[in-house]
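Visitor:
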Amino acid sequence: MDRFGRRSVLCLTMLLGGLACVSCMFVPEDAVWVTVSLAMVGKFGIAASFAVFYVFVGELLPTVLRSQAMGIASFIAGLGLLTFPSIVSLAEHSRVLPLIVMGTLSMAGALVSVFLPETLHLHLPQTIEEGEALKVNFDICSLTFRHRRRRRTIDDTPSPS
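All letters in the sequence shown, in the order written, are residues -24 to -1, 1 to 137 by mature numbering (1 follows the signal peptide of the UniProt record, and there is no 0).
(1) Assuming C(-4) contacts S89 (C-beta within less than 8 Å), just tell me the rounded distance between them.
(2) For the putative contact between P38 and T103, defined by C-beta atoms under 8 Å, what is the C-beta separation to the nearest angstrom?
(3) Determine the contact status of residue 139 and L(-15), defining contact as a CB-CB distance below 8 Å.
(4) Who are the Cβ neighbours of G79 in its own chain at under 6 Å, not counting the five residues just before and after it?
(5) Rounded to a whole number of angstroms, what is the C-alpha to C-alpha distance between residue 143 and T11?
(6) Can the beta-carbon of V31 be found closer than 8 Å to that of A45?
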């Protein structure tokens, strides 16, 4: 994450998980181990994206909104857990249908994450105005910002006086 940026890692892990899950529909019914292996790769990609997602949300939003945003993100993740049994019940129609649904949602999340600004090497926004300033120098086609700021170190923080 510190080398490639949060946005690109989030996008790639969600895309990896989604493609692995969706590719299960091309596997023959008798190749169960191939389906299980692809499902595990999909699970790995989606689990890795969750780890990146919570770091990204924490860095993306200003301090005044950070705790509320983390709460909302956790709530939405909980809603996903509530809908999961319904998605799993789709296996009555087709064995790979739940994987296709989850993979499609993961790839849609990867597409949406491309439109988020990169937070690598940036100071954490403290106010809403600083949070809105993240869109300055934002380029959707690049993997990072054009103008990187120096990473904040302990020496940069003001001393209490």
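For every residue, glycine included, the Cβ atom is placed at its ideal position computed from N, Cα and C. Quick caveat: nothing in here was measured; it's all calculated off a predicted structure.
Guide: Reading it off the structure:
(1) Under the criterion of beta carbons closer than 8 Å, C(-4) and S89 do not qualify as touching, at roughly 17 Å.
(2) Contact between P38 and T103 holds, with the beta-carbon distance rounding to 6 Å and staying under 8 Å.
(3) Nothing in the structure corresponds to residue 139, since the chain is present only between -24 and 137.
(4) Closer than 6 Å at Cβ, skipping near neighbours: G(-7), C(-4) and V(-3).
(5) Missing from the structure shown is residue 143; the chain here goes from -24 to 137 and no further.
(6) Contact: no.
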